[in-house]
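Peer 1:
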Amino acid sequence: MNYDWRFDIVWDYREVYFSGAVMTMSISLIAVTMALTIGILLGSLRANRTRFFSPAAAVYIEFVRNTPLLVQIFWFFYCMPVLFGVSFSAFWSATITLGIHFSAYVAEVFRSGISSIDRGQGDAARVMGLSRLQTMRHIILPQAFKRVIPPLVNCFADIVKLSSLAAVIGVYEMLHSINNLIMNSFRPLELYTALAVFYFLLIYPISLTAQLVERRMARSNA
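Each residue of the sequence shown is one higher than the one before, starting from 180 at the first, in this note's numbering.
1. What span of residues does the alpha helix (DSSP H) with residue 358 cover, start to end?
2. Are the Cβ atoms of residue 214 and residue 288 separated by less than 8 Å?
3. Could you name the residues of the same chain whose beta carbon sits closer than 8 Å to that of residue 189, not counting the 5 residues immediately before and after it, in chain order?
4. Is the number of C-beta pairs between the region 328-343 and the region 384-401 that are closer than 8 Å three or more?
5. Within 8 Å (strictly less), CB to CB, does residue 252 reach chain C?
6. Judging by CA-CA distance, which residue of 273, 258, 182, 228 is the nearest neighbour of residue 349?
7. To which residues of the same chain is residue 207 closer than 7 Å at the C-beta, ignoring the five residues directly before and after it?
8. Distance, Cα to Cα, residue 244 vs residue 387?
9. Roughly how many angstroms lie between the CA atoms of residue 347 and residue 228, to the nearest whole one?
10. Closer than 8 Å is the cut-off here; do at least three beta carbon pairs connect the region 306-315 with the region 356-368?
11. Check this for me: beta carbons of residue 344 and residue 248, under 8 Å apart or not?
12. Does residue 307 pass the burial test, meaning 16 or more other C-beta atoms within 10 Å, or should it be called exposed?
13. Hey, how far is the Cα of residue 216 from the Cα of residue 256?
14. Is residue 259 near residue 351, with beta carbons less than 8 Å apart?
15. Determine the burial state of residue 335: buried for a count of at least 16 other Cβ atoms within 10 Å of its Cβ, exposed for fewer.
16. Put residue 265 into one of helix, strand or coil per three-state DSSP.
17. Using the C-alpha atoms, what's the distance from residue 398 back to residue 403?
18. Would you tell me roughly how many angstroms separate the C-alpha atoms of residue 304 and residue 353, rounded to the nearest one?
19. Please go through the same chain and pick out, in chain order, the residues whose beta-carbon is closer than 8 Å to the beta-carbon of residue 266, but skip the five residues on each side of it.
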């Protein structure tokens, strides 16, 4: 196929790429913060197996994990104003939905990490007079956090990748910006190729970090 590649067009539209990249990173960082905050709380509730909160957290986690993220984004953006009279901008709808969606995965990661800690440590802490909350905060969570760093980093990489779904409700992140450029320039091969390279350069270091941390932890535990 004799196709006249024009990658100079990518440079010509560098400002659009940059603004889209800033939007993508803004969505991702806020969603990561939300997912981590909610996920740690839910994971702790699941691991504690309290009579009410643990089942409630389990229902939340299973519902969120077993419904498509794209459907959740549409529901949050279009249904929330109708049902509850609360509306958010496209940016916040996508960001909040991403944070909620991945909080369920973070919760399961933390539940697994907490469950891997020897139960005798919690019993010993309570014998010493620490409350359940103090035991979780000062003894269990610090150890669990070290063990769950690799899967957490992979989860954060997934958030960056799936932030592209924000384009479906009109957020001007990378994908939406490039789609607009393609309609004006009719150069999809160059622009989509550059977009794929951008995501690779952004996400590969995150995945590599997870692998390095996992290897280092494996050596320290050997």
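A virtual CB, placed ideally from N, CA and C, is assigned to each residue, including glycine.
Peer 2: Straight from the coordinates:
1. Reading the sequence shown from its first residue, position 179 is the one you call residue 358. Start and end: 353-364.
2. Residue numbering aside, residue 214 sits at position 35 when the sequence shown is read from its first letter. Residue numbering aside, residue 288 sits at position 109 when the sequence shown is read from its first letter. In this structure, residue 214 sits away from residue 288, with a CB-CB distance that is not shorter than 8 Å.
3. What you label residue 189 is simply residue 10 of the sequence shown in a count that begins at 1. Once the five neighbours on either side are set aside, the close Cβ partners of residue 189 are 196, 369, 370, 373.
4. Touching, yes, given that three or more Cβ pairs across the two stretches are closer than 8 Å.
5. Checking the listed chains, one finds no chain C in this structure; it contains a single protein chain.
6. Against the sequence shown, residue 349 aligns to sequence position 170. Answer by Cα proximity: 273.
7. Counting from one through the sequence shown, the residue named residue 207 turns up at place 28. The beta carbon of residue 207 sits closer than 7 Å to those of 338, 339, 342, all from its chain and outside the five residues before and after it, given in chain order.
8. Translated into the one-based positions of the sequence shown, residue 244 becomes position 65. Translated into the one-based positions of the sequence shown, residue 387 becomes position 208. Pairing residue 244 with residue 387, the inter-Cα distance amounts to about 25 Å.
9. As a first step, residue 347 must be located in the sequence shown, where it is residue number 168. As a first step, residue 228 must be located in the sequence shown, where it is residue number 49. Approximately 38 Å between the Cα atoms of the pair.
10. No, the region 306-315 is not in contact with the region 356-368.
11. By one-based count along the sequence shown, residue 344 stands at place 165. By one-based count along the sequence shown, residue 248 stands at place 69. Yes, the pair counts as a contact, with Cβ atoms nearer than the cut-off.
12. If you number the sequence shown from 1, residue 307 lands on position 128. It counts as exposed.
13. Along the sequence shown, one-based indexing puts residue 216 at 37. Along the sequence shown, one-based indexing puts residue 256 at 77. Between residue 216 and residue 256, the C-alpha separation is close to 22 Å.
14. Position 80 of the sequence shown, counted from the first residue, corresponds to residue 259. Position 172 of the sequence shown, counted from the first residue, corresponds to residue 351. No, the Cβ-Cβ distance between residue 259 and residue 351 is not below 8 Å.
15. Working through the sequence shown from its first residue, we reach residue 335 at position 156. It counts as buried.
16. As a working note, residue 265 is residue 86 in the sequence shown. Residue 265: coil per DSSP, three-state reduction.
17. The shown model of the chain, from 180 to 401, leaves out residue 403, and the question about it has no answer.
18. For the purposes of this step, residue 304 is taken as the residue at position 125 of the sequence shown. For the purposes of this step, residue 353 is taken as the residue at position 174 of the sequence shown. Rounded to whole angstroms, residue 304 to residue 353 spans 49 Å at the Cα level.
19. Within the sequence shown, numbered from 1, the residue matching residue 266 stands at position 87. Contacts found: 259, 260.
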